[in-house]
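Protein chains: 2
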Amino acid sequence: MYIKLPTGKTLDISKEESLLQALKRQGVYLVSSCGGKGICGKCRIKLLEGDCRVESTGKLAPPEIDSGIVLACQTFPNEDIIIDIPKESRLVVGDKIALSKSGDLLELVNSFGVEIYPLVRHITLDLPPPTINDNISDIERLRRSLGEKGLIGMRFVHRFVASVSDALRNAGWKITFGYTVSNDAVYISPADKEKERYGVAVDIGTTTVVVYLVNLTDGRLIDVGSTYNSQMRYGDDVITRIIYATESGGFEELRDSVVSDINNLLTPLQERHNIRREDIESVVIAGNTTMTHIFWGLNPAYIREDPYIPTVNFFPRWRAEFSGLKTDPMAPIYTLPCVASYVGGDIVSGVLASKMYRNSEIALFMDIGTNGEIVIGNNEWLVTAACSAGPCFEGSGIRHGMRATEGAIESLKIDPESFEPLFNVIGDGEPMGICGSGMIDAISEMFLTGIIDQKGKFVREVKTDRIRDGLDGPEFLIFSRDGTHIVLTEVDIENILRSKAAMYAGVSLLLKEVNLSLDTIERVYIAGGFGNYMDIDKAIIMGMLPDLPKERFSFLGNASITGAYLSLLSKDLRREAGVIASKMTNIELSVSRRFMDEYMSALFLPHTDIRLFPTVEKLLENRKQEI
Amino acid sequence: MYIKLPTGKTLDISKEESLLQALKRQGVYLVSSCGGKGICGKCRIKLLEGDCRVESTGKLAPPEIDSGIVLACQTFPNEDIIIDIPKESRLVVGDKIALSKSGDLLELVNSFGVEIYPLVRHITLDLPPPTINDNISDIERLRRSLGEKGLIGMRFVHRFVASVSDALRNAGWKITFGYTVSNDAVYISPADKEKERYGVAVDIGTTTVVVYLVNLTDGRLIDVGSTYNSQMRYGDDVITRIIYATESGGFEELRDSVVSDINNLLTPLQERHNIRREDIESVVIAGNTTMTHIFWGLNPAYIREDPYIPTVNFFPRWRAEFSGLKTDPMAPIYTLPCVASYVGGDIVSGVLASKMYRNSEIALFMDIGTNGEIVIGNNEWLVTAACSAGPCFEGSGIRHGMRATEGAIESLKIDPESFEPLFNVIGDGEPMGICGSGMIDAISEMFLTGIIDQKGKFVREVKTDRIRDGLDGPEFLIFSRDGTHIVLTEVDIENILRSKAAMYAGVSLLLKEVNLSLDTIERVYIAGGFGNYMDIDKAIIMGMLPDLPKERFSFLGNASITGAYLSLLSKDLRREAGVIASKMTNIELSVSRRFMDEYMSALFLPHTDIRLFPTVEKLLENRKQEI
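Protein chains in written order, with numbering that gives the first Met the number 0: chain V, 0 to 626; chain C, 0 to 626.
Shown next as structure tokens:
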């Protein structure tokens with residue numbers, strides 16, 4: 000028997016196997032907080048075709064059940080079936096890029112010229128067993144041996160003290176002793192058994208949560224997991240989440256959901272690689288200021304209120320036992336420092352990964368994610384701003400918008416004569432929607448072919464049936480087959496233009512703040528989800544990116560997780576992250592009149608001042624001549 | 000209507016009032032962990048006479064109900080009643096001696112020449128409110144202001160960070176900031192409201208738990224509470240408790256019971272003095288090594304196993320939130336350091352209170368409680384030993400033994416001709432038993448009058464009906480009326496002799512260890528429950544105390560709680576407690592052959608070597624001549 004997915008992918012299954020088990024066995028991981036007991040209600044899938052035996056519907060609501068939703072852990076096939084997996088139910092464990100990336104990452108670490116120095120150090124001690132003549136307490140015995148090795152002033156927290164007596168005796172007094180850089184005791188393990196040492200780097204994005212499982216001995220990336228941030232059900236952006244947390248009292252819920260997202264990723268990673276929970280001995284967290292506050296259990300209310308004050312930017316060390324993470328309870332948690340309410344640890348982490356803070360050349364760092372933050376500077380100074388670009392490039396607020404996953408139109412061309420679109424779909428199956436890079440392509444192509452004007456409005460004179468009137472007004476039909484339609488509406492285009500205008504205006508204003516012209520920027524780092532797939536030329540045509548030579552642009556992908564990975568491995572880089580956060584001057588765009596002017600000018604395609612985009616100007620002239 | 004107690008005390012009560020409420024209103028406090036809901040089953044009393052309406056019997060077992068046990072919180076009188084309150088049900092709040100003691104204690108603090116310096120310090124800060132141009136995070140704002148006052152390197156734990164934003168805003172940015180001596184942030188309160196500052200000193204005895212509520216501003220003792228350690232139901236001494244903790248898995252139960260004992264005392268003290276839980280901002284704990292380990296949640300197993308190793312002697316600071324104490328959750332807990340498995344923080348605390356470690360004269364410190372510890376030394380050296388004297392002076396293992404509370408025979412004389420005893424009873428009512436000081440009197444009087452011989456056996460030739468054969472063999476009838484008999488049996492006497500012999504042998508051996516003779520001891524401090532009431536002369540006759548001039552003896556009462564009180568108030572004295580614990584050399588008596596010899600010799604009355612007790616020798620000669 001088989002399970003078929005809408006992308007065409009086919010998996011096998013037996014009658015005795017739940018859908019959850021069969022999917023997991025074949026590398027498709029679902030969110031399953033309760034471990035398949037039918038309690039948490041998270042492994043929802045939609046049954047499109049075929050008959051199944053459903054053992055329990057758990058907490059599913061009657062309308063959900065009517066629409067074909069089942070719990071994968073409680074459902075067994077009676078025949079071949081076709082199912083759809085909603086994005087919220089999906090975990091991604093063991094990314095295919097992981098193995099190739101692992102080498103790149105090690106190279107990156109080496110390129111910084113730092114030694115591997117995780118949050119937890121260790122030392123081997125051979126303690127003299129107690130006798131009636133040497134009967135000091137266990138802690139004092141340990142302290143004495145540490146002192147002989149020059150380690151003084153060690154701090155012992157309650158959990159460690161409570162475990163020390165059995166640990167020393169189980170190890171026969173020959174121990175490996177783990178401790179943090181700030182001299183907090185972490186663990187005792189038997190010296191004769193090589194202890195495995197793992198750490199996790201976590202990027203808590205507003206939309207996705209990514210976990211890197213790392214071998215701390217050699218720095219190797221073992222595996223990767225990612226999932227949608229299940230806070231998404233409370234709102235797409237940080238503002239709606241803050242409102243939910245403060246006004247609806249949903250703070251605990253938000254915190255629980257991000258912690259269980261991380262744990263849901265950790266569990267299959269541990270199972271897959273036979274790693275015990277206790278062997279994960281340190282954690283690094285990177286996230287924007289709101290995500291970090293929520294993870295830390297700090298009420299984010301004041302982030303949203305003028306004058307936008309976070310509770311804390313430089314987070315103290317924390318311990319896993321208090322955070323709820325399923326690692327060694329004693330594992331220290333390092334949190335990437337934040338800069339301001341809307342420039343968080345994810346940006347500091349990204350700047351760290353970019354190395355721009357180490358070079359003398361002036362660079363521009365743009366994180367195009369759910370929000371849109373920019374940094375300009377070099378090894379002497381750094382300025383930053385948050386642009387409120389909104390999550391449209393992640394699919395939110397766009398009729399057929401989606402993330403860059405299987406089924407998304409990722410690139411697109413429009414024939415200038417027939418106006419017929421030609422596109423590529425991730426996974427090569429039928430298109431299901433359009434992702435950020437596809438949107439950029441579509442808009443610049445529609446602009447170049449004259450389908451839309453400088454304001455992003457449809458030019459009704461263009462002779463094609465693809466421009467039509469839809470539910471939200473005019474729209475452009477990208478794809479249709481068997482009742483499936485993928486369109487881009489004028490409302491979608493307005494949203495995208497607002498996003499790109501916010502980003503461009505941010506860059507523009509920051510440059511003015513530091514009295515620099517655009518061409519002093521020698522390098523542009525693009526970070527964020529759809530990084531690698533974006534067509535730079537087209538983003539310039541749209542006026543989202545500044546009109547600079549293409550070779551100055553570099554893609555960093557998810558730079559936040561890369562910086563978290565670097566911080567997990569190096570004490571020097573953790574220190575440098577602190578320096579970056581201290582150095583960065585945050586400019587509040589929302590209170591600047593000049594920003595509004597810049598923004599209004601940038602709402603056009605590519606800009607009201609075409610001289611800022613000489614390449615585009617030339618291109619448009621050429622096109623005119625062609626016609 | 001009235002409630003009558005066996006001591007003759009009469010209290011009033013109305014039909015609508017539960018016994019618990021009526022007793023509390025008139026200053027008789029019962030253990031009531033659930034606050035009078037009939038759930039915890041701790042406020043048991045025995046109904047001796049009179050009819051009551053019993054609303055619920057909660058968890059009481061049928062045999063208990065049959066024997067007249069009721070829950071005081073669920074029982075309402077229909078007429079005048081007579082009840083008995085088992086000692087386990089009783090809390091003592093607001094000791095009569097408290098107020099007079101308060102002055103003495105302040106004098107004591109002053110006599111040390113130290114300033115009042117509690118665990119938590121405070122400072123007033125006027126923070127500039129955040130603006131859009133000065134929008135650093137709350138923690139960094141606080142850190143900046145602290146830095147301006149020279150306070151750097153402050154540590155902020157999670158609970159503090161989670162509360163800081165609201166606290167700063169509620170205080171309008173003008174705050175009183177509390178922090179520990181080791182630079183841990185504790186609280187923020189509005190600067191314009193004078194914050195009350197209280198602390199609690201706790202003595203966790205094997206038999207009783209005592210709490211001092213102290214005003215930290217002026218050092219005044221506000222009130223006192225005490226109760227029986229409810230771990231008593233698992234055994235009288237530390238060994239049976241350790242066995243219960245380790246072999247029966249009752250560890251958590253033991254820990255919970257001591258924490259709830261302390262909380263049961265704290266609650267009525269707070270109510271009585273209108274003190275909010277948050278205003279109790281520091282805690283000091285003194286207890287023997289086992290009690291301290293159990294309070295700390297540390298498995299005491301290795302304390303009992305050769306070579307008798309505690310998990311920790313020098314305890315780190317702890318926080319109330321983790322201990323379960325109902326004070327400010329952020330309150331730091333200082334634990335008096337222990338010396339060895341059987342010489343604990345209670346002894347260090349007692350030595351601190353005695354000041355013997357500050358003087359050049361050589362002193363002997365004896366704690367005669369559930370165990371029996373001794374210390375010899377001065378300002379240069381200290382040696383100590385635990386004697387395993389057993390809890391018989393607290394009433395345990397003695398047929399009619401009881402603690403020195405209402406109804407106990409506390410002193411006794413025997414007419415040398417008629418052999419009739421004459422005694423005093425605490426509270427002046429009918430005698431209900433005999434306490435430690437009464438036992439010492441009884442034995443020395445019986446010895447002097449020839450009722451018992453040097454070995455503690457009854458001399459059957461003595462012409463009195465008071466020597467008779469009882470259930471356990473020969474016994475001496477001290478009192479009888481209406482079927483109530485109070486006797487001292489030969490088995491009781493054996494127990495008492497074993498106790499006194501253990502203590503004397505300990506002193507003897509310690510002196511030999513340091514090569515000193517008895518007469519070099521210039522001062523003897525007697526600490527422990529029955530301290531003040533013991534007749535020194537009679538304790539010497541019995542051979543329990545060394546035969547030294549009477550003026551060298553001083554009574555300290557519960558020196559452990561006094562030392563805890565001193566530690567609560569002074570940083571210098573906390574440091575000195577650490578020095579005492581480091582300095583003390585512990586001698587393991589149990590492994591010493593010489594100790595067994597000393598012990599065997601001390602089992603006689605007063606001793607096999609009568610030359611060690613010249614005063615007694617003379618007394619016996621005089622008596623002989625009289626006859």
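Even glycine gets a Cβ: it sits at the ideal position worked out from N, Cα and C.
Rounded distance between the beta-carbons of residue j and residue i, thought under 8 Å
i      : j      : result
C:I492 : C:I451 : 6 Å
V:P331 : V:Y28  : Not confirmed; about 28 Å, so no contact.
V:N370 : V:V237 : 7 Å
V:I203 : V:L253 : That belief does not hold up - the Cβ atoms of V:I203 and V:L253 are roughly 11 Å apart, past 8 Å.
C:F159 : C:L124 : Rounded, the Cβ-Cβ distance is 15 Å, inconsistent with contact.
V:V631 : V:R219 : Residue 631 of chain V lies beyond the residue range present for chain V, which begins at 0 and ends at 626; the question has no answer from this structure.
V:I44  : V:T56  : Incorrect: roughly 13 Å between the Cβ atoms, too far for contact.
Residues bridged to residue i (per DSSP)
i      : result
C:W317 : C:I332
V:A385 : V:E372
V:E474 : V:R467 and V:T488
V:P189 : V:I174
Residue interval of the alpha helix (DSSP H) (run including residue i)
i      : result
C:P613 : P613 to E625
V:R573 : K570 to K582
C:D481 : Note, C:D481: premise wrong, no alpha helix (DSSP H); not H, not E.
C:K412 : Run containing C:K412: none in the alpha helix (DSSP H); it sits in the beta strand (DSSP E), A407 to I413.
V:G505 : E489 to E512
V:S353 : G344 to S353
C:I284 : No alpha helix (DSSP H) holds C:I284; the beta strand (DSSP E) holding it covers I279 to G286.
C:I115 : Note, C:I115: premise wrong, no alpha helix (DSSP H); not H, not E.
V:P420 : Not the alpha helix (DSSP H): V:P420 falls in the beta strand (DSSP E), residues P420 to V424.
Proximity winner among the options, relative to residue i (alpha-carbon distances)
i      : options                           : result
C:P117 : C:T175, C:K192, C:G198 and C:K454 : C:G198
V:I627 : V:S144, V:D137 and V:L10          : Lying outside 0 to 626, the shown extent of chain V, residue 627 of chain V is not represented and no answer is given.
C:E489 : C:P61, C:R480, C:Y503 and C:I466  : C:I466
V:N585 : V:S516, V:V506 and V:I525         : V:V506
C:T207 : C:E460, C:Y178 and C:G368         : C:G368
C:L568 : C:V108, C:E15, C:K45 and C:A71    : C:V108
C:G577 : C:S600, C:D481, C:M595 and C:S348 : C:S348
C:G389 : C:D345, C:E106, C:L411 and C:G435 : C:G435
V:D571 : V:L509, V:Q20, V:G112 and V:T614  : V:G112
C:D440 : C:E405, C:D536, C:S479 and C:K511 : C:D536
Segment limits, beta strand (DSSP E) that includes residue i
i      : result
V:R467 : I466 to G469
C:M365 : A362 to D366
V:N273 : That residue, V:N273, is in no beta strand (DSSP E); it is neither H nor E in DSSP.
C:L10  : T9 to D11
V:H157 : Looking at the DSSP string, V:H157 is not in any beta strand (DSSP E); the run it does join, the alpha helix (DSSP H), is H157 to N169.
V:R239 : The residue you asked about is not Arg; residue 239 of chain V is Thr in the sequence shown. Counting along the chain, V:T239 falls outside any beta strand (DSSP E), though it belongs to the alpha helix (DSSP H) covering V237 to E246.
C:T206 : Careful: C:T206 lies outside any beta strand (DSSP E) and carries neither H nor E.
If you measure beta-carbon to beta-carbon, which residues of the region 158 to 187 of chain C are closer than 7 Å to chain V?
For the region 158 to 187 of chain C, residues whose beta-carbon sits nearer than 7 Å to a beta-carbon of chain V comprise V160, A161, V163 and S164.
According to a CB-to-CB cut-off of less than 9 Å, which residues of the region 236 to 256 of chain V neighbour chain C?
none
With 9 Å as the limit, tell me which residues of the region 294 to 316 of chain C have their beta carbon closer than that to any beta carbon of chain V; keep them in chain order.
W295, G296, L297, N298, A300, Y301, D305, P306, Y307, I308, P309, T310, V311, N312, F313, F314 and P315
Check distances from the C-beta atoms of the region 589 to 604 of chain C to those of chain B and list, in chain order, the residues that come in under 7 Å.
The structure shown contains no chain B; the protein chains it does contain are V and C.
Residues in the region 105 to 134 of chain V having any Cβ partner in chain C nearer than 7 Å:
Cβ contacts with chain C: P129, T130, I131 and N134.
Give me the subset of the region 136 to 147 of chain V whose CB atoms are less than 7 Å from a CB atom of chain C, sorted by chain position.
S136, D137, I138 and E139
Listed in chain order, which residues of the region 563 to 578 of chain C have Cβ atoms closer than 7 Å to some Cβ of chain V?
none
Tell me which residues of the region 330 to 347 of chain V have at least one Cβ-Cβ distance to chain C shorter than 7 Å, keeping chain order.
A339
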